[in-house]
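Everything on this sheet refers to the single structure shown next.
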């Protein structure tokens, strides 16, 4: 507690510190919320300038940007179906349908409150339990367990967003195959690259999600306009009521735990947290078929989890020097710029710096709640702009977002082709959510599978010899069996009078 | 009743075509995987192991999709929650309209234009065309929107955050460079 208070004191006693804190907070929110921009752009642009800042201000700035940017990306996911970053993609699955139902403000209200709760709880946990939890996660979750966890996640994903279970699995299969494009993670053998250098690095994930979500949405709305079936979303500024929040309490607790543990796992970070948490929300729901159509829990779960992961991601970063994502990797750069190496000795060598980081992330999470509440009542008015004018804007911002990341025109082409494919897939009731999840979980999963199989002597049954992995594999198999039974019961009318 | 039967037949035909596309896709993926289906020094199962697992899952799912068209289920009650939810999905889009086909083609032309002429030169034309295709016919609105939105993009991405965007090729590369020089 004393260290936390000291960190807070160092943070707020200097006017420059306060300015940087507010600047980082607003910058993260704005960059996260403008379609086509994301918090990584801001972090990358600022990185060289941190050399002129004192070390404590530089690292504090990145902590604040990280927290506020993860929340900011939810705004565009909810309003325009454009996830600000990968970890906000599951938020769009239900956030955007809520907007279409005239509940944009409610969706943002859920996102802001749950982001604040997830972030704050995570920051507290980070301060209290860094050491024991880090030891547990790092020692328990090896490649075998991560593979089993991902297998479990994939079995749930297949049931999301499609009427037909077969179409859910086909969507997932498409996502997994797309994830295979590029050099394989073990021997760097080119797969499905057709000799193109561009494809050797894999299909860009950001262009893919922009295409499948944002661009396909423009095409669908354009088609509706031409058929006269387009309905403009209603605008309301209703904030979720206390009772509505209370109904989400278990989802928040569950997602905080999932987010926290996913954040601790090195190399996985907030993205897996958001996707897994969404999966779990679907699995635990009494009406899983409602997910993908504007279910508030579909916003609450990923937004709580991705913010909960921010605090936890500091553990492998600070304790082991392992980043959980691109932004945490940039944080290592900030430490290096100031002649410091992150790793086990950082808590001994620079405890003040670590506690400033912890304190800044805690206060940033709380600040998001107040800034976000104001934002939820104002930013929804963007929806008053007619779609005929929004559409070109969405196309331009998405294009800039797809291009600016790697400076490659093929990324833009990929985005538009994914948009056209997304149009036909959505029209035929395939799940773009499952495709996206297939790509992200498949990429992580294949790498862990290769490592796990090597450990298990290439014997798949070996998964059942590791207790944690066995539980998850069995849970995954039960999920498949349950969803088959549920669909069959619906189809054949079993148990219906 | 006859109409319902016709609709069911149409839906079945469409689903069978989709299943055939998936089968073709899985077969193609399998055939292409032959190229890299070799054991690796550190991983004897080889780079094709994971794609093979996925292809198997895809084939099974396509098989289930076909089988589901020939299994005789019961008609669902009208208050079936699944239908209530998914009826709001993308069922209201109908067959492709000329407007949507134009919307498919325009961005592809824009990408080509960006590559050859540069983002700064081609984007105003894209904005104008896209807004027109979306249904705006008033020249006042078309021009005002294009000019003002273009100005915002230039200000934010070139003046404030220096985002590198396509510069075009040949003479247009120099032109874009000069324009950026003027802006910045």
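Protein chains in written order, with this note's numbering: chain P, 51 to 547; chain D, 16 to 199. Note that beta-carbon positions come from the ideal geometry of N, C-alpha and C, so glycine has one too.
Beta-carbon proximity check, residue i vs residue j, cutoff 9 Å
i: residue 32 of chain D; j: residue 219 of chain P; result: no
i: residue 142 of chain P; j: residue 166 of chain P; result: no
i: residue 305 of chain P; j: residue 362 of chain P; result: no
i: residue 77 of chain D; j: residue 38 of chain D; result: yes
i: residue 172 of chain D; j: residue 136 of chain D; result: no
i: residue 480 of chain P; j: residue 295 of chain P; result: no
i: residue 482 of chain P; j: residue 263 of chain P; result: yes
i: residue 466 of chain P; j: residue 248 of chain P; result: no
i: residue 331 of chain P; j: residue 350 of chain P; result: yes
i: residue 408 of chain P; j: residue 176 of chain P; result: yes
i: residue 138 of chain P; j: residue 152 of chain P; result: no
i: residue 485 of chain P; j: residue 265 of chain P; result: no
i: residue 180 of chain D; j: residue 140 of chain D; result: no
i: residue 476 of chain P; j: residue 258 of chain P; result: no
i: residue 74 of chain P; j: residue 135 of chain P; result: no
i: residue 150 of chain D; j: residue 114 of chain D; result: yes
Residue interval of the alpha helix (DSSP H) (run including residue i)
i: residue 142 of chain D; result: 134-148
i: residue 490 of chain P; result: 482-505
i: residue 106 of chain P; result: 105-130
i: residue 141 of chain P; result: 139-150
i: residue 56 of chain P; result: 52-62
i: residue 453 of chain P; result: 437-456
i: residue 400 of chain P; result: No alpha helix (DSSP H) contains residue 400 of chain P, which DSSP labels as neither H nor E.
i: residue 199 of chain D; result: Taken as a continuous stretch (DSSP letters only), residue 199 of chain D belongs to no alpha helix (DSSP H), as it is neither H nor E.
i: residue 509 of chain P; result: Taken as a continuous stretch (DSSP letters only), residue 509 of chain P belongs to no alpha helix (DSSP H), as it is neither H nor E.
i: residue 539 of chain P; result: 517-542
i: residue 271 of chain P; result: 266-277
i: residue 470 of chain P; result: 459-477
i: residue 163 of chain D; result: 154-168
i: residue 66 of chain D; result: 64-85
i: residue 248 of chain P; result: 247-250
i: residue 226 of chain P; result: 215-230
i: residue 258 of chain P; result: 255-259
i: residue 176 of chain D; result: Here residue 176 of chain D belongs to no alpha helix (DSSP H), and DSSP marks it neither H nor E.
i: residue 206 of chain P; result: 193-207
i: residue 363 of chain P; result: It is not in any alpha helix (DSSP H) - residue 363 of chain P carries neither H nor E in the DSSP assignment.
C-alpha gap between residue i and residue j, whole angstroms
i: residue 64 of chain D; j: residue 133 of chain P; result: 32 Å
i: residue 411 of chain P; j: residue 255 of chain P; result: 27 Å
i: residue 509 of chain P; j: residue 157 of chain P; result: 45 Å
i: residue 150 of chain P; j: residue 267 of chain P; result: 12 Å
i: residue 531 of chain P; j: residue 121 of chain P; result: 36 Å
i: residue 503 of chain P; j: residue 169 of chain D; result: 51 Å
i: residue 103 of chain D; j: residue 310 of chain P; result: Below a pLDDT of 50, predicted positions are generally treated as unreliable, and residue 103 of chain D, at 40, falls in that range; the measurement from the model is reported next regardless. Taking the straight line from one Cα to the other gives about 35 Å.
i: residue 145 of chain P; j: residue 79 of chain D; result: 31 Å
i: residue 42 of chain D; j: residue 224 of chain P; result: 13 Å
i: residue 109 of chain D; j: residue 341 of chain P; result: 24 Å
i: residue 105 of chain P; j: residue 353 of chain P; result: 30 Å
i: residue 117 of chain D; j: residue 159 of chain D; result: 22 Å
i: residue 526 of chain P; j: residue 202 of chain P; result: 4 Å
i: residue 176 of chain D; j: residue 365 of chain P; result: 32 Å
i: residue 300 of chain P; j: residue 55 of chain P; result: 31 Å
i: residue 198 of chain D; j: residue 431 of chain P; result: 31 Å
i: residue 29 of chain D; j: residue 112 of chain P; result: 51 Å
i: residue 61 of chain P; j: residue 434 of chain P; result: 40 Å
i: residue 537 of chain P; j: residue 121 of chain D; result: 41 Å
i: residue 58 of chain D; j: residue 238 of chain P; result: 12 Å
i: residue 169 of chain P; j: residue 204 of chain P; result: 26 Å
i: residue 493 of chain P; j: residue 241 of chain P; result: 13 Å
i: residue 328 of chain P; j: residue 140 of chain P; result: 7 Å
i: residue 415 of chain P; j: residue 391 of chain P; result: 26 Å
i: residue 413 of chain P; j: residue 542 of chain P; result: 54 Å
i: residue 539 of chain P; j: residue 199 of chain P; result: 28 Å
i: residue 227 of chain P; j: residue 488 of chain P; result: 8 Å
i: residue 345 of chain P; j: residue 523 of chain P; result: 28 Å
Residue i CB to nearest heavy atom of the ligand SAM below 8 Å
i: residue 79 of chain P; result: With respect to small molecules bound, the structure shown includes none, and the ligand SAM cannot be examined in it.
is_contact[residue i, chain A] using C-beta, thresh 9 Å
i: residue 126 of chain D; result: Here the protein chains are P and D, and chain A is not one of them.
Check each residue of the stretch 139-161 of chain D: if its Cβ is closer than 7 Å to any Cβ of chain P, include it; give the result in chain order. 142, 145, 146, 149, 150, 151 and 160
What are the residues of the stretch 436-457 of chain P that lie near chain D, defined by any Cβ-Cβ distance shorter than 7 Å? 438, 439, 441, 442, 443, 445, 446, 450, 453, 454 and 457
Between the stretch 105-123 of chain P and the stretch 452-462 of chain P, can you find at least three pairs of beta-carbon atoms closer than 8 Å? no
Note down, in chain order, all residues in the stretch 57-72 of chain D with a beta-carbon under 9 Å from any beta-carbon belonging to chain P. 57, 58, 59, 60, 61, 62, 63, 64, 65, 66, 68, 69, 70 and 72
Count Cβ pairs between the stretch 345-361 of chain P and the stretch 318-335 of chain P that sit closer than 8 Å; are there 3 or more? yes
May I ask you to list, following chain order, the residues of the stretch 476-505 of chain P that have a beta carbon less than 8 Å from some beta carbon of chain D? 476, 477, 478, 479, 492, 496, 499, 500, 503 and 504
Tell me whether the stretch 377-393 of chain P and the stretch 190-209 of chain P touch, counting them as touching only if at least three CB pairs, one residue from each stretch, are closer than 8 Å. no
Could you run through the stretch 236-252 of chain P and flag, in chain order, every residue whose CB is less than 8 Å away from some CB of chain D? 236, 237, 239, 240, 241 and 242
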